[in-house]
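A.B. asks: If you scroll down you'll find the structure; I have some questions about it.
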Amino acid sequence: MNKNKIQNYKKGKEGEEIAREFLIDNGFRLIESNYSNNLGEIDLVMSDKDWLVFVEVKLKIGDKYGTPEEMISKNKLSQIKRVSESFLILEFPISKNFLKYRIDAVCIVLNENKTIRSIKHYENLY
Amino acid sequence: MLTKVLSIANEGLKGIEIEVEVNVADKGFPGFGIVGLASKAVEEAKERVKTAIINSEIEFPNAKVTINLAPADLPKDGSCYDLPISVGILASIGELILPKDKAYFYGELSLDGSLRHTRGVFLLALLAKEKGIKKIFVPRMSANEASVVSNVEVYPISNLKELIRHLSGEKIIKPLRKIETEEVLGDIAAEFDFAEVLGQEQAKRALEIAAAGGHNVFMMGPPGSGKTMLSRAMSGILPNLTEKESLEVTKIYSITGNIPPGGSLIRQRPFRSPHHTTSQVGLIGGGSNPRPGEVSLAHRGVLFLDEFPEFGRNSLEALRQPLEDGLVNISRAAGSVTFPAQFMLIAAANPCPCGYLNDPKKECKCSTLQILNYRKKLSGPIMDRIDLHLTVPAVDVNNLMVSSQDNHNEKSEIIKKRVVEARKIQTERFKNLDRIHSNSDMKNKHLKDLANLTSGANLLLKQAVNKFNLSARVYFRLIKVARTIADLDKSNEIKENHIAEALQYRVKNED
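Which chain is which? The protein sequence lines are A and B, in order.
According to numbering that gives the first Met the number 0, the first sequence is numbered sequentially starting from 0.
According to numbering that gives the first Met the number 0, the second sequence is numbered sequentially starting from 0.
See the structure below:
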């Protein structure tokens, strides 16, 4: 991995951590982080009351390169959908406990000095 | 918040009011969607609108933006919805105050927030007048098109910021002054003057008759004899467009985007010379979302088909309906539209594929079969509809280098004067008849009352019809041409010599 990729990976980890803490503060429980299979990866798998929630985390530093919301495209969304549905089958011991599932997104914007500028949680992306 | 902005869509030459509904939702994942049968050009408005708003130093809402173009079952095409969409978004986020009374917004945005020249503004103004809408906001580049329409205030907009300042009352844009149509109608010089065409007196005379009565012309001659030059000089002797005609032509030109930026009414009679590879759709009009073809672009003007037999057979035969009725009906899955197509056909052809058949100096190298195949394209029904058949012989080289002092040829403006006189007589004659402007537009039923043949002329005509075996259509067309020749002669009656001249252009010089 080159330097840039390592940096991006680190940033991703950082974002997931912030999102996890944020959601746990809001009453979510963590089931698994960075779940991946051959169809792709899901940043966080959590539960919210009787919902099974798949969370996509996006982090941006500054607004130079657009908003994190813009980075979740239709393609990305359909990929997340695919992985989550495969999760339901492959991880049946976990998913059998939930009757409902949904996909959420957490969009984080950091200032240049790594303090949080904004953190937004979108429930149930279509 | 939900905002509604009015704009228009075009169906053929008709404008249809469109309501652009913009909803900027507080909840939901941010995104930007357009519904309402939007075409690719409308879909792409998303990127233009978003970037234009950001570049106008306004923050684009990080929210779910939904656009609906109602009525939702009518297909919408074109870039003209950029302005209404962005006005809707800006009004929804409170950056802009919509005018109190109904207004139309129309125009394509550039990425920097300025407005570009957009086609169809003239039709927008006409629809606004019809619907009683007082204000229209259009790109500055296209605003002149709309300014000839009365009772509508036309606001020329340069960019989004200017519009916002105007609507908030901070800096008012003055509506354009209404331009009187007489101001823009006037003379425009043609590419060639008739005086520049050397020799070819017979052809010049025939084109004068054609211009005076709106008759169709067919010219046959070897390469380089001046067929093309003669036809191009034609626009210099055609009478100016009348106001009514100009409005008809401008409508077609506006919808096809043929009016240049800053342009207003079309003042010159159209002169269209499509290449002979033009497809049938290109010539007649069509497409899944029907658009006017060359015959409609030549409305009230000249359609010049050079190398006539080289055109596709389908294209040529499709000319029959417009030649006879002066309009084209196009029916497609998307709907059926009618475009006007009252044009003067000028067709030019070589006598054979090599071009030198019957030439006194050069030998023709074509076989009989080749010549037959070539002539087959000139089918009876099409040739029947052409009144003036001309032979344009090659010019003698010795006559070519004439200095301008020795050139005693008539100037186009002198010929034009005679043409205009003849048209005046016709206007007077047809003043009570709808849709008939020139002798060639006359229907057979009018001929009895309006032709005014002397008994001698009538006799001559009958004899000629029997002798040359002419069809009924040709009989009537001969009278129309003779009527025009009589008009040029300022004669109330059609005399024998008028009929004789008309006959001379009709009886083909078959080999």
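Just so it is clear, CB atoms sit at the ideal spot from N, CA and C, and this is done for glycine as well.
Note that the coordinates shown come from a computational prediction; the quantities given were computed from them, not determined experimentally.
1. Is the Cβ-Cβ distance between residue 264 (chain B) and residue 147 (chain B) less than 7 Å?
2. Could you tell me whether the segment 304-316 of chain B touches the segment 375-392 of chain B, using the rule of 3 or more Cβ pairs below 8 Å?
3. Does DSSP put residue 304 (chain B) in a helix, a strand or coil?
4. Considering only residues of the segment 136-173 of chain B, which uninterrupted beta strand (DSSP E) runs meet the minimum length of 3 residues and lie entirely inside it, listed in chain order?
5. Whole angstroms is fine: what's the gap from residue 213 (chain B)'s alpha carbon to residue 479 (chain B)'s?
6. Pairing CB atoms from the segment 246-260 of chain B with CB atoms from the segment 219-226 of chain B, are three or more of them under 8 Å?
7. Along the segment 101-124 of chain A, where does the CB come closer than 7 Å to a CB of chain B? Name the residues.
8. When you compare the CB of residue 61 (chain B) with every CB in chain A, is at least one pair closer than 7 Å?
9. On the DSSP letters alone, give me the boundaries of the beta strand (DSSP E) that residue 339 (chain B) sits inside.
10. Taking its Cβ as the centre, do 16 or more other Cβ atoms sit within 10 Å of residue 395 (chain B), making it buried, or is it exposed?
11. List the whole-angstrom C-beta distance separating residue 307 (chain B) from residue 340 (chain B), where the pair is believed to meet the contact cut-off of C-beta under 8 Å.
12. Check this for me: beta carbons of residue 22 (chain B) and residue 65 (chain B), under 7 Å apart or not?
13. Tell me whether the segment 81-94 of chain A and the segment 44-55 of chain A touch, counting them as touching only if at least three CB pairs, one residue from each stretch, are closer than 8 Å.
14. To be precise: take each residue of the segment 53-73 of chain A, compare its Cβ to all Cβ atoms of chain B, and keep it if any distance is under 7 Å. Which residues remain?
15. Taking all protein chains shown into account, decide if residue 36 (chain A) is buried (16 or more other Cβ within 10 angstroms of its Cβ) or exposed.
16. By Cβ distance, which residues of its chain are closer than 6 Å to residue 282 (chain B), with the 5 residues on each side in sequence left out?
17. Using DSSP's beta-bridge definition, name the partner residues of residue 291 (chain B).
18. In angstroms, rounded to a whole number, what distance separates the CA positions of residue 344 (chain B) and residue 322 (chain B)?
19. Can you list, in chain order, the residues of its chain with a C-beta nearer than 7 Å to that of residue 592 (chain B)? Leave out the 5 residues immediately preceding and following it.
20. Would you call residue 19 (chain B) buried or exposed, if buried means 16 or more other Cβ atoms sit within 10 Å of its Cβ?
21. State the beta-bridge partners of residue 365 (chain B) as determined by DSSP.
22. Determine whether the Cβ of residue 31 (chain B) lies closer than 7 Å to any Cβ atom of chain A.
23. For residue 72 (chain A), does the count of other Cβ atoms within 10 angstroms reach 16, so buried, or fall short, so exposed?
24. Does residue 111 (chain A) come out as helix, strand or coil in the three-state DSSP assignment?
25. Going by C-alpha distance, which of B:303, B:295, B:456 is nearest residue 328 (chain B)?
26. In the DSSP assignment, what are the bridge partners of residue 390 (chain B)?
27. Just to confirm before moving on: does the CB-CB distance between residue 354 (chain B) and residue 222 (chain B) stay below 7 Å?
28. Does chain A have any CB closer than 7 Å to the CB of residue 104 (chain B)?
29. In three-state terms, what does DSSP make of residue 18 (chain B)?
30. What three-state label does DSSP hand residue 343 (chain B) in the structure shown?
31. Which runs of the alpha helix (DSSP H) at least 4 residues long sit entirely within the segment 58-122 of chain B? Give them in chain order.
32. Any beta carbon of chain A sitting closer than 7 Å to that of residue 28 (chain B)?
33. Where does residue 455 (chain B) sit, in a helix, a strand or coil, going by DSSP?
34. Whose C-beta lies closer than 8 Å to the C-beta of residue 139 (chain B) among residues of the same chain, with five residues either side of it excluded?
35. Quick check on the burial criterion: 16 or more other C-beta atoms within 10 angstroms. Buried or exposed for residue 59 (chain B)?
C.D. replies: In short:
1. By one-based count along the second sequence, residue 264 (chain B) stands at place 265. By one-based count along the second sequence, residue 147 (chain B) stands at place 148. Yes. Within cutoff.
2. yes
3. If you number the second sequence from 1, residue 304 (chain B) lands on position 305. Strand at residue 304 (chain B).
4. 152-156
5. Numbered from its first residue, the second sequence carries residue 213 (chain B) at position 214. Numbered from its first residue, the second sequence carries residue 479 (chain B) at position 480. For residue 213 (chain B) and residue 479 (chain B), the distance between alpha carbons rounds to 10 Å.
6. no
7. 104, 121, 124
8. As a working note, residue 61 (chain B) is residue 62 in the second sequence. So yes, residue 61 (chain B) belongs to the interface.
9. Here residue 339 (chain B) corresponds to residue number 340 of the second sequence, with the count starting at 1. Here the beta strand (DSSP E) through residue 339 (chain B) covers 334-339.
10. Translated into the one-based positions of the second sequence, residue 395 (chain B) becomes position 396. Counting Cβ neighbours within 10 Å, residue 395 (chain B) comes out exposed, since fewer than 16 surround it.
11. Here residue 307 (chain B) corresponds to residue number 308 of the second sequence, with the count starting at 1. Here residue 340 (chain B) corresponds to residue number 341 of the second sequence, with the count starting at 1. With 8 Å as the limit, residue 307 (chain B) and residue 340 (chain B) do not qualify as a contact, their Cβ atoms being about 18 Å apart.
12. In the second sequence, counting from the first residue as 1, residue 22 (chain B) sits at position 23. In the second sequence, counting from the first residue as 1, residue 65 (chain B) sits at position 66. Yes; because the gap between Cβ atoms is below 7 Å, this pair is in contact.
13. yes
14. 66, 68
15. Translated into the one-based positions of the first sequence, residue 36 (chain A) becomes position 37. With fewer than 16 other Cβ atoms within 10 Å, it is exposed.
16. Against the second sequence, residue 282 (chain B) aligns to sequence position 283. Counting only Cβ-Cβ distances below 6 Å, and skipping sequence neighbours, we find 292, 293, 314.
17. Along the second sequence, one-based indexing puts residue 291 (chain B) at 292. According to DSSP, residue 291 (chain B) bridges with B:284.
18. Numbered from 1 along the second sequence, position 345 holds the residue referred to as residue 344 (chain B). Numbered from 1 along the second sequence, position 323 holds the residue referred to as residue 322 (chain B). Near 8 Å, if we compare the C-alpha coordinates of residue 322 (chain B) and residue 344 (chain B).
19. It is not possible to answer for residue 592 (chain B), since the shown part of chain B is limited to 0 through 510.
20. One-based indexing of the second sequence puts residue 19 (chain B) at position 20. When all chains shown are included, residue 19 (chain B) counts as buried.
21. Here residue 365 (chain B) refers to the residue found at position 366 when the second sequence is read from its first residue. Residue 365 (chain B) is not bridged to any residue.
22. On the second sequence, residue 31 (chain B) is found 32 positions in, with the first residue counted as 1. Answer no: the Cβ-Cβ gap between residue 31 (chain B) and chain A never drops below 7 Å.
23. Stepping through the first sequence from its first residue, residue 72 (chain A) is reached at position 73. That one is exposed.
24. Numbered from its first residue, the first sequence carries residue 111 (chain A) at position 112. Coil at residue 111 (chain A), not helix or strand.
25. One-based indexing of the second sequence puts residue 328 (chain B) at position 329. Comparing Cα positions, the closest option is B:295.
26. Position 391 of the second sequence, counted from the first residue, corresponds to residue 390 (chain B). The partner list for residue 390 (chain B) (beta bridge, DSSP) reads B:219.
27. Indexing the second sequence from 1 puts residue 354 (chain B) at position 355. Indexing the second sequence from 1 puts residue 222 (chain B) at position 223. Yes.
28. Here residue 104 (chain B) corresponds to residue number 105 of the second sequence, with the count starting at 1. Taking Cβ atoms only, chain A never reaches closer than 7 Å to residue 104 (chain B), which makes this a no.
29. Counting from one through the second sequence, the residue named residue 18 (chain B) turns up at place 19. Strand.
30. In the second sequence, residue 343 (chain B) corresponds to position 344, counting from 1. Of the three classes helix, strand and coil, the one that applies to residue 343 (chain B) here is strand, per DSSP.
31. 81-91
32. Working through the second sequence from its first residue, we reach residue 28 (chain B) at position 29. It does; some Cβ of chain A falls within 7 Å.
33. What you label residue 455 (chain B) is simply residue 456 of the second sequence in a count that begins at 1. Three-state result, residue 455 (chain B): helix.
34. Taking the first residue of the second sequence as 1, we reach residue 139 (chain B) at position 140. Within the same chain, residue 139 (chain B) has close Cβ partners 114, 155, 156, 157.
35. As a first step, residue 59 (chain B) is located in the second sequence; it is residue number 60 there, counting from the start. The residue in question, residue 59 (chain B), is buried, as its Cβ has 16 or more Cβ neighbours within 10 Å.
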